[in-house]
Amino acid sequence: MTDPSAPIALTAHLALVSSISFGGFPTVLPDVRNFVVGTHGWMTDQEFANIFAMAQSIPGPNMILMMSLVGWKVWGFPGAVASAFATFGPPCTMYFAAYRLWDRFRNAPWQRIVRLGLVPVIMGLVIASGTVMARAADTSWRAVAVTSAAAAITLATRLSPLWMLFAGAALGGLGLL
Amino acid sequence: MTEIAQRQDLQPAVPLAALFTAFLAVSLCGAGGGGGIVWARRIAVEKRHWISDREFADIVSLCQFMPGPNIVGIAVCIGAKLRGAIGTFAALCGFLVIPWAIGLSLGLLCLEYAHLPVLGNILRGIAATAAGLLIATGIRLLLPHRRRPAALLFAALAFVLITFARLPLLAVLFGLAPLSIAIAVVEAAKAR
């Protein structure tokens, strides 16, 4: 945290991973965790899990928010702003450029094939992200049960995620996890 | 650009302020993982009739195989479709500025008190739930591919290499994606 190059290293790393975060930012969460907690030791596993929980329970652009909170830990307000821009800047530039090209190749067969190949890999990465976050958060068998229940309810019903987050918060607040 | 011009002949241009407020609403309503797509469709397709369901599906697919937070990509694309670069800017500002300021303040406030046992417990409960939501979202988006054995194999490989082998994301992504796409190409060639 005292190292002056820390904010630059974090911003550069976030800009890099956001450029390759196929399938959304959750796919790169394990990588960001390794960089922030493992490589640089800017925060503990528990702090990282707390920030993840915060970002998930607040309406709005969760992942940009989460990276901003990480940036805040490293470099205060400028770090939060820099992390936000690093997280959405490169992908937004690509979205805009890609959308201009999209109509031109609307019916090209390669688009369907690329999607067919890419989507399963990406979903494997998303599920892995959830598991990695669960490993940090689930310190008891009851917490594992909550994670499993949330996954099962999401798959089986159309219940709003908000209710499940409330329930999880209540169970945790009562000291049951 | 010609398409945007044609659209504007048919109907008056969507005001930039409307783009701003629509994506502000999408951002604030779509709490938690995956909710954003639901609200973007409800507002842009059902309520405002800005784009058709087909166009929306196109945009979601496009964003799906691009890097970055997909739902932000939806704001970028719908903004670009309706008003070009300035539309993208308006939609992005609506989506990001106010929710970001609210979220950051709330987040910092809560993290400030994260050492309190009760708040720590609450956050632990939310973290456990949120991890489950993320896992379920991945599974749900994988479901349309469940009849392709190659798809399940590559999803399982990606999962195992990250979770258990703890390989870096870049290695897994650039190792598996070309292979997976190559197999999809072979399958498509056989099907023809």
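Which chain is which? The protein sequence lines are A and B, in order.
Residue 1 is where the first sequence starts when you use the numbering used here, and the numbers rise one by one after that.
Residue 1 is where the second sequence starts when you use the numbering used here, and the numbers rise one by one after that.
In this text, a Cβ means the ideal position worked out from N, Cα and C, and glycines have one as well.
Rounded separation between A/T27 and B/A182 - CA only:
22 Å
Would B/A22 pass as a contact of B/I43 if the rule is Cβ separation under 8 Å?
yes
Evaluate B/G94 with the Cβ neighbour count: other Cβ atoms within 10 Å of its Cβ, from every protein chain shown; 16 or more gives buried, anything less gives exposed.
buried
Please name the residue or residues paired with B/P67 in a DSSP beta bridge.
A/F22
Should the segment 91–104 of chain A be called in touch with the segment 128–137 of chain B, which here means at least 3 C-beta pairs below 8 Å?
no
If you run the structure through DSSP and keep just helix, strand and coil, what is B/A13?
coil
To the nearest whole angstrom, what separates the beta carbons of A/A156 and A/T147, a pair I think is in contact under 8 Å?
Actually they do not touch by this definition, with Cβ atoms about 15 Å apart.
Leaving out five residues before and five after B/A154 in sequence, what residues of the same chain have Cβ atoms less than 7 Å from its Cβ?
Per the sequence presented here, residue 154 of chain B reads as Phe, with Ala not at that position. Cβ neighbours of B/F154 beyond the five flanking positions: L176 and S180.
Check whether the segment 28–44 of chain A touches the segment 58–71 of chain A, taking contact to mean three or more Cβ pairs, one atom from each stretch, closer than 8 Å.
yes
So for B/G84, helix, strand or coil by DSSP?
helix
For A/D138, the first and last residue of its enclosing alpha helix (DSSP H)
Neither: A/D138 is in no alpha helix (DSSP H) and is coded neither H nor E.
If contact is defined by three or more beta carbon pairs under 8 Å, each pair taking one atom from either stretch, is the segment 9–17 of chain A in contact with the segment 81–93 of chain A?
yes
Output yes or no for whether 8 Å exceeds the beta carbon distance between A/A6 and A/W102.
no
Comparing alpha-carbon positions, which option in B/S105, B/V185 and B/P149 lies nearest A/Y80?
The sequence as given places Ala at residue 80 of chain A; Tyr does not occur at that position. Among B/S105, B/V185 and B/P149, the Cα nearest to that of A/A80 belongs to B/S105.
Enclosing alpha helix (DSSP H) for A/Y95 [first to last residue]
N62 to W102
Taking A/I20 as the reference, give the member of A/L125, A/L171, A/D138 and A/A145 with the closest Cα.
A/L125
Using beta carbons (cut-off 8 Å, strictly below), is B/P149 in contact with chain A?
no
Residue burial classification, A/T131 (beta-carbon count within 10 angstroms, cutoff 16)
buried
State the start and end residues of the unbroken alpha helix (DSSP H) segment that holds B/E46.
Where B/E46 is concerned, there is no enclosing alpha helix (DSSP H), given that its DSSP letter is neither H nor E.
Measuring only the C-alpha atoms, how far is B/R146 from A/M123?
12 Å
In terms of residues, what are the limits of the alpha helix (DSSP H) holding B/A165?
Unbroken run through B/A165: none, as it is neither H nor E.
Between the beta-carbon of A/V121 and the beta-carbon of B/A158, is there less than 8 Å?
yes
Relative to the alpha-carbon of B/F56, which residue among B/E187, B/G73 and B/N121 has its alpha-carbon at the smallest distance?
B/G73
Is the separation between the beta-carbon of A/N34 and that of B/L123 shorter than 8 Å?
no
Where B/L120 falls: helix, strand or coil (DSSP):
Note that residue 120 of chain B is Gly in the sequence shown, not Leu. Here B/G120 sits in helix by DSSP.
Cross-chain neighbours of A/L171 in chain B, by beta carbon under 8 Å
G125
Measure from the alpha carbon of A/S83 to the alpha carbon of each residue in A/D45, A/W163, A/T11 and A/A169, then state which is nearest.
A/T11
Going by beta-carbon coordinates alone, are A/F22 and B/L173 separated by less than 8 Å?
yes
Anyone know if the C-beta pair for A/A167 and B/L133 falls short of 8 Å?
no
When we look at the beta-carbon of B/Y113 and count the other beta-carbons within 10 Å, is it buried (16 or more) or exposed?
exposed
Considering only their Cβ atoms, is the gap separating A/L69 from A/A53 smaller than 8 Å?
no
Throw me the rounded Cβ distance for the B/I51 and B/I78 pair, which I believe falls under 8 Å.
6 Å
Neighbouring residues, chain A, relative to B/F159 (Cβ below 8 Å)
G124, L125, I127, A128 and T131
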